[in-house]
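Trainee: A single structure is presented below for examination.
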Amino acid sequence: PEKLAAFQARIDAGEKIEPKDWMPAGYRKTLIRQMGQHAHSEIVGQLPEGNWITRAPTLERKAILLAKVQDEAGHGLYLYCGAETLGVTRDEMTEMLLDGRMKYSSIFNYPTLTWADMGAVGWLVDGAAIMNQVPLQRTSYGPYARAMVRICKEESFHQRQGYDIMMKMAKGTPAQKKMAQDALNRLWFPSLMMFGPSDAESTHSEQSMAWKIKMNTNDELRQKFVDQTVPQAEYLGLTVPDETLAWNEDKGGYDFAEPDWNEFFDVLRGNGPCNTERLAARNKAWDDGKWVRDGMLAHAEKRRIGKVAAE
Amino acid sequence: PEKLAAFQARIDAGEKIEPKDWMPAGYRKTLIRQMGQHAHSEIVGQLPEGNWITRAPTLERKAILLAKVQDEAGHGLYLYCGAETLGVTRDEMTEMLLDGRMKYSSIFNYPTLTWADMGAVGWLVDGAAIMNQVPLQRTSYGPYARAMVRICKEESFHQRQGYDIMMKMAKGTPAQKKMAQDALNRLWFPSLMMFGPSDAESTHSEQSMAWKIKMNTNDELRQKFVDQTVPQAEYLGLTVPDETLAWNEDKGGYDFAEPDWNEFFDVLRGNGPCNTERLAARNKAWDDGKWVRDGMLAHAEKRRIGKVAAE
Amino acid sequence: MTDRAAYFEFLCRMGDNTLVLGHRVSEWCGHAPILEEDIALANTALDLIGQTQMWLGLAGEVEGENRSADDLAMLRDAWDFRNCLLTEQPNGDFGQTMMRQFLFDVWHLAILRGLEQSSEPRVAEIAAKAVKEVQYHVERSGDTVISLGDGTLESHRRMQDALNLLWPYVGEMFVPDAVDAAMAEAGIAPELTSLRAAFDAHMGDVMAQATLTIPDSDFAHKGGKSGRQHSEHLGHILTQMQWLQRAYPGANW
Amino acid sequence: MTDRAAYFEFLCRMGDNTLVLGHRVSEWCGHAPILEEDIALANTALDLIGQTQMWLGLAGEVEGENRSADDLAMLRDAWDFRNCLLTEQPNGDFGQTMMRQFLFDVWHLAILRGLEQSSEPRVAEIAAKAVKEVQYHVERSGDTVISLGDGTLESHRRMQDALNLLWPYVGEMFVPDAVDAAMAEAGIAPELTSLRAAFDAHMGDVMAQATLTIPDSDFAHKGGKSGRQHSEHLGHILTQMQWLQRAYPGANW
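Protein chains in written order, with my numbering: chain D, 1 to 311; chain L, 1001 to 1311; chain S, 2001 to 2253; chain F, 3001 to 3253.
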């Protein structure tokens, strides 16, 4: 309890906790869950966008999308490395992803169906992610905070690229404009879900906020996201698929409809449109890749022994 | 030797040899090789056409192509059944195909690259096949001859359908006409190769002709094919890719260039453009299908035992 | 939605189901585990494509915008397709293909039998033709499900996996929406919900023989027949199916 | 063939090689056996697509018919593609992909080094940019071939299978034709045959370290770089690659 109080005092004072510092088991556990889930989201998040790399409409767009997906894999790597400082290995976390013990962001269980989805994912999904992540640059765990600094810089670049795709579509042919609107229709509510259910219903929130692992409430962030995004949609000439959406002068923000939380919990339970496929794709990559990992390990071992023998 | 003479006498008299009749080991062996190879050709022949089923340009064309490929599988079935009357099983023959001990027609080691190839395969490849097969309706082995009667009827239907595709293409847009010409350019010589090398170089020909397993020489059939096909190409407005092609009044047929027999032997050795893929596809179908065959067998066995027990 | 628009939608649903499933089945061509199965799969695909020509042909007439069955098949993008999600699911292994086929066939036969009584004579006529073919499909796919379900340990496992994977796509075929309600009201098509009991009985019977367990969940994916949210697979199917028509617009083939 | 036509062909060969191989490599996205490999494959694909923009951009200028790099990439059918057959071969397993990459990279680096000395400054400039990237590719793919070749029994077997499968596609890259001869004569590109000895030496060295045996056959498939007879794979690649441009002609993206 004394240790605990001292720990909390350090956090309250804005100090960063570093890997070798003492930390409560719950802090460690929560961070592993959160960072692991974040890392997994980057990895699984490659799939919906990867779905359109081979169909990108121009060489430039293909290059931009490839670079983006590559960045996401890179983010996964930082985050796994960050989580590893807490005493868990990447392979352990991967196996927990693959057998369903660890989650990834539900948004990636939705399909990407037209090229406009590449725009909407960048604009809305990365937009929501940034909203979550910017405050985490000030999170109490040092490696996590530092990973977030790097990630946020790239994510905001991705978001601009996504918005640029949407702009081209929204100002394009009638079919392109229809694609853009369709993408917004499908991805609006799933994006709002990315902030999680209302804090009233969220279990771990309070402790996480005290530990500065979580910096804002889900509802705060969601409101901020809506307030930022609605004018962007208007600028694109697109209609947010929410008839109740209205500016509320009093609160200085928009009133908006809640997403269908039953759908959210259904997706969490594995019943999203693409849960099965996403996990199957990752499992297949892992299983098919076993011989590669084994082969590389065996070779590295041979090298090591060779060097030792030569000494 | 007496038996042999009597056997030859029956053949010379135009009698059909039936499965239970005595026959020389060489006759049996040659027939198994020939019928098996013919059956394998039907099976492997599904692949180049199957390659365009999912890309057929209209529903009608897709249906026609599906029906055609289905017919080919059916031909394979008749021929395997015919060969089985000679004391070899379909599975044995299949395994000999899959490990390379038995061959299939070299033509199917060429790729199908445009929709016009669906026309050219019907027109040229089925055309050449019919040329080979029509005389075989009179072959000495009863089951083979009867299979040939059925097959020839369907093949000539296929050939007309192929010619019809070529006609549409040749009378179509410039791009379609270019596709048609391109298909003829690529498939002309491989079609000529379908009759095999000049008889002078063919090893088993003489005995096979005495046994009425082979009814005409390779060169006769090739000449007949060229004489039939050149006017058809002219009618389509296409150019046969042979600058030496010329009508020879004396022989009442065309003079034409020999195909590149080095290429032919190269393809036989496994170096055709698609040999590896074709065999890989068939091996994969066989290997992937093992659990299905095993499952069906096990179920049939359970049923049989169940019935016996119930009696 | 006007009655005509609903009627057009309904015909697209029928035609897109057979088109997309026919396409999937045709992907097997030359790759089946047994020669007889190659023939049977090609035959099924052929029937389905033939039915597509009839349904989409009629759809084009009803729409009245001069679109042929081929135009509808080859020139719409994914969002305009109205097939249920089940039909666009990947082939997987042979067991998965046959399970998908069986789940579809049983529904298909039931609705076709209803459509034979349609107030629209053209619909009744097409249904009467199709019913004969589909009767055969359902016998065949049912027999295959039984023999592989009740075959070896491995074949049993694979069939159970296939059933678990595909069961969540069954519900969509039975949940009525505005289009289905309009069709039922006009006497063009049967009430979808009325087909479910017989479907469940048939499933129960075959799965019992196959020693397979129907998942204890009524969760159902949706979005295919409304066109709102297909799976990612449909777009890939179309890149192949529509290639020539897209690359060489206006040509005759 | 005029010099300009030959020059255009040559530029298409360079650009189509990187385009088609880049496409293939990009198919891995999200499916690699190790996260670091996912990143590396995406990086390779990205470099190749970037090089494509330069080569095909220049090709369009040389042709003088107002076709952009995108027009060339997205609106030609298979017969107009000039990539060598190696680049369009399927990914297979990871070993096959890396073997294909290594065989291509070694040739690619050699020709780019030659092109740095091109009499055409634009070509020299593109080559100088690309060479830096490809130097890294060849190191990476070579290291992977070595570690998997000299890894476990299984990885060794797979790498040897990949080498056996792909070796017949090497020859095409080195056999000169009229276009190559015209390029060499004009000093635009090096003599292809002059690159072979160094290629063989590099192969020999890496394969020895990888404990792999180079097939004892000089048989070489051909038809890709001439465009006469690609494999069946290219057409399938194009159905995906060109889908949007074909389905929505004239749109800006």
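By construction, the Cβ of each residue, glycine as well, lies at the ideal position given by its N, Cα and C atoms.
Remember, predicted model here, so these are calculated numbers, not experimental data.
1) Does DSSP put ASN3252(F) in a helix, a strand or coil?
2) Is the beta carbon of GLY45(D) sitting closer than 8 Å to the one on PHE108(D)?
3) Could you give the DSSP three-state label for ALA1246(L): helix, strand or coil?
4) Tell me the residue span of the alpha helix (DSSP H) that contains GLY253(D).
5) State the start and end residues of the unbroken alpha helix (DSSP H) segment that holds SER3026(F).
6) Going along the chain, which residues of the stretch 2146-2176 of chain S sit with their C-beta nearer than 7 Å to a C-beta in chain L?
7) For ALA6(D) and GLY87(D), what's the separation of their Cα atoms in angstroms?
8) CB of PRO57(D) to nearest heavy atom of the ligand GDP: below 7 Å?
9) Given a limit of 8 Å on CB to CB distance, which residues of the stretch 2219-2231 of chain S reach chain D?
10) By the criterion of Cβ-Cβ separation under 9 Å, what are the contact partners of ASP2077(S) in chain F?
11) Looking at the unbroken alpha helix (DSSP H) that takes in ARG1278(L), where does it start and where does it end?
12) To be precise: take each residue of the stretch 79-106 of chain D, compare its Cβ to all Cβ atoms of chain F, and keep it if any distance is under 7 Å. Which residues remain?
13) Please return the same chain residues whose Cβ sits closer than 6 Å to the Cβ of CYS2012(S), not counting the five positions on each side in sequence.
14) THR1054(L) and TYR2248(S): beta carbons closer than 8 Å?
15) For LEU1066(L), return the contacting residues in chain S, with the cut-off set at a CB-CB distance below 9 Å.
16) Could you check whether ALA1129(L) and GLY1076(L) sit closer than 8 Å to each other, using their CB atoms as the reference points?
17) Just reading off the alpha helix (DSSP H) that GLY82(D) is part of, what are its end residues?
18) Show which residues of chain L have a CB atom less than 9 Å away from the CB atom of MET2241(S).
19) Which chain D residues sit within Cβ distance under 7 Å of GLY2235(S)?
20) Helix, strand or coil: how does DSSP classify ILE1213(L) here?
21) By the criterion of Cβ-Cβ separation under 8 Å, what are the contact partners of THR1276(L) in chain F?
22) What three-state label does DSSP hand ILE1151(L) in the structure shown?
23) Below 8 Å on the Cβ atoms is my contact criterion, and I expect SER140(D) with ILE17(D) to pass it. Report the Cβ-Cβ distance as a whole number of Å.
24) Note down, in chain order, each residue of its chain lying with its Cβ closer than 8 Å to the Cβ of GLN207(D), except the 5 sequence neighbours on either side.
25) Taking C-beta to C-beta, are ASP242(D) and TRP188(D) nearer than 8 Å?
26) Along the chain, where does the alpha helix (DSSP H) containing ASP2071(S) start, and where does it finish?
27) What are the residues that DSSP puts in a beta bridge with TYR1141(L)?
28) With a 10 Å radius around its C-beta and 16 neighbouring C-beta atoms as the bar for buried, classify ASN1218(L) as buried or exposed.
29) Determine the closest residue to PRO2121(S) out of ALA2189(S), ALA2251(S), THR2097(S), with distance taken between C-alpha atoms.
30) Under the three-state reduction of DSSP, which class applies to ILE3039(F): helix, strand or coil?
31) If the cut-off is 9 Å on Cβ atoms, which residues from the stretch 2103-2135 of chain S count as contacting chain L, listed in chain order?
32) Should GLY3258(F) and ALA298(D) be called a contact, given that it needs their Cβ atoms to be closer than 8 Å?
33) Assuming GLN70(D) contacts ILE3039(F) under a Cβ cut-off of 8 Å, what Cβ separation, rounded to an integer in Å, is found between them?
34) Need the endpoints of the alpha helix (DSSP H) that TRP52(D) sits in, please.
35) Which chain F residues are close to ARG1186(L), counting only those with a beta carbon under 8 Å from its beta carbon?
36) In chain S, which residues lie with their C-beta within 9 Å of the C-beta of ASP1294(L)?
Mentor: Answer, in terms of the structure:
1) The residue labelled residue 3252(F) in the question sits at position 252 within the fourth sequence. In the three-state reduction of the DSSP assignment, ASN3252(F) falls in the coil class, being assigned neither a helical nor a strand state.
2) Position 45 of the first sequence, counted from the start, is the residue given in the question as residue 45(D). Position 108 of the first sequence, counted from the start, is the residue given in the question as residue 108(D). Going by C-beta atoms, GLY45(D) is nearer than 8 Å to PHE108(D).
3) As a working mapping, residue 1246(L) is identified with position 246 in the second sequence. Strand.
4) Walking along the first sequence from the start, residue 253(D) turns up at place 253. Element bounds for GLY253(D): not the alpha helix (DSSP H) but the beta strand (DSSP E), 253-255.
5) The sequence position of residue 3026(F) within the fourth sequence is 26, counting from 1. Note, SER3026(F): alpha helix (DSSP H), 3003-3026.
6) Correct list: SER2147, LEU2148, ASP2150, GLY2151, THR2152, GLU2154, SER2155, ARG2158.
7) If you number the first sequence from 1, residue 6(D) lands on position 6. If you number the first sequence from 1, residue 87(D) lands on position 87. Each residue's CA atom was taken as its position, placing ALA6(D) and GLY87(D) some 22 Å apart.
8) With respect to small molecules bound, the structure shown includes none, and the ligand GDP cannot be examined in it.
9) Interface annotation for the stretch 2219-2231 of chain S against chain D: PHE2219, HIS2221, GLY2223, ARG2228, GLN2229, HIS2230, SER2231, criterion Cβ-Cβ distance under 8 Å.
10) The residue labelled residue 2077(S) in the question sits at position 77 within the third sequence. The answer, in chain order, is ALA3247, TYR3248.
11) As a first step, residue 1278(L) is located in the second sequence; it is residue number 278 there, counting from the start. It spans 1275-1288 - the alpha helix (DSSP H) in which ARG1278(L) sits, taken as one unbroken run.
12) For the stretch 79-106 of chain D, which is checked against every Cβ of chain F, not one residue is closer than 7 Å.
13) Taking the third sequence and counting its residues from 1, the one referred to as residue 2012(S) is at position 12. Cβ neighbours of CYS2012(S) beyond the five flanking positions: ALA2059, ARG2082.
14) Residue numbering aside, residue 1054(L) sits at position 54 when the second sequence is read from its first letter. Residue numbering aside, residue 2248(S) sits at position 248 when the third sequence is read from its first letter. Cβ distance not < 8 Å, so THR1054(L) and TYR2248(S) don't count as in contact.
15) The count along the second sequence starts at 1 and reaches residue 1066(L) at position 66. Residues of chain S passing the Cβ test: GLY2022, SER2026, CYS2029, ALA2042, ASN2043, ALA2045, LEU2046, ILE2049.
16) In the second sequence, residue 1076(L) corresponds to position 76, counting from 1. In the second sequence, residue 1129(L) corresponds to position 129, counting from 1. 8 Å or more divides the Cβ of GLY1076(L) from the Cβ of ALA1129(L).
17) Here the question's residue 82(D) lines up with position 82 in the first sequence. Element bounds for GLY82(D): 59-84.
18) Numbered from its first residue, the third sequence carries residue 2241(S) at position 241. Those within 9 Å of MET2241(S) in chain L are THR1054, ARG1055, ALA1056, LYS1062.
19) The residue you call residue 2235(S) lines up with position 235 of the third sequence. For a Cβ distance threshold of 7 Å, residue set LEU113 of chain D lies close to GLY2235(S), ordered along the chain.
20) Working through the second sequence from its first residue, we reach residue 1213(L) at position 213. It is coil, neither helix nor strand.
21) Here residue 1276(L) corresponds to residue number 276 of the second sequence, with the count starting at 1. Against THR1276(L), the close residues of chain F are LEU3165, in the order they occur along the chain (beta-carbon pairs closer than 8 Å).
22) Here the question's residue 1151(L) lines up with position 151 in the second sequence. It is helical.
23) Locating residue 140(D) in the first sequence gives position 140, counting from the first residue. Locating residue 17(D) in the first sequence gives position 17, counting from the first residue. Approximately 5 Å separates the beta-carbon atoms of SER140(D) and ILE17(D); this is inside 8 Å, confirming the contact.
24) Locating residue 207(D) in the first sequence gives position 207, where the first residue counts as 1. Cβ within range, chain order: GLY26, THR30.
25) Numbered from its first residue, the first sequence carries residue 242(D) at position 242. Numbered from its first residue, the first sequence carries residue 188(D) at position 188. Remark: C-beta atoms of ASP242(D) and TRP188(D) approach each other more closely than 8 Å.
26) On the third sequence, residue 2071(S) is found 71 positions in, with the first residue counted as 1. Its alpha helix (DSSP H) spans residues 2069-2075.
27) For the purposes of this step, residue 1141(L) is identified with residue 141 of the second sequence, where counting begins at 1. In DSSP, TYR1141(L) forms a bridge with ILE1017(L).
28) Counting from one through the second sequence, the residue named residue 1218(L) turns up at place 218. Under this definition ASN1218(L) is a buried residue.
29) Residue numbering aside, residue 2121(S) sits at position 121 when the third sequence is read from its first letter. Answer by Cα proximity: ALA2189(S).
30) Residue 3039(F) sits at position 39 when you count from the first residue of the fourth sequence. Here ILE3039(F) carries a helix assignment [DSSP, helix/strand/coil].
31) Residues of the stretch 2103-2135 of chain S with a Cβ closer than 9 Å to any Cβ of chain L: none.
32) No information on residue 3258(F) is available, as it lies outside the stretch 3001 to 3253 that chain F covers here.
33) Position 70 of the first sequence, counting from 1, holds the residue named residue 70(D). Position 39 of the fourth sequence, counting from 1, holds the residue named residue 3039(F). Yes, GLN70(D) and ILE3039(F) are in contact; Cβ-Cβ is about 6 Å, under 8 Å.
34) Along the first sequence, one-based indexing puts residue 52(D) at 52. Run containing TRP52(D): 46-53, per the alpha helix (DSSP H) assignment.
35) Locating residue 1186(L) in the second sequence gives position 186, where the first residue counts as 1. Here the neighbours are ARG3228, GLN3229.
36) Taking the second sequence and counting its residues from 1, the one referred to as residue 1294(L) is at position 294. Close partners of ASP1294(L) in chain S (Cβ separation under 9 Å): GLY2151, THR2152, GLU2154, SER2155.
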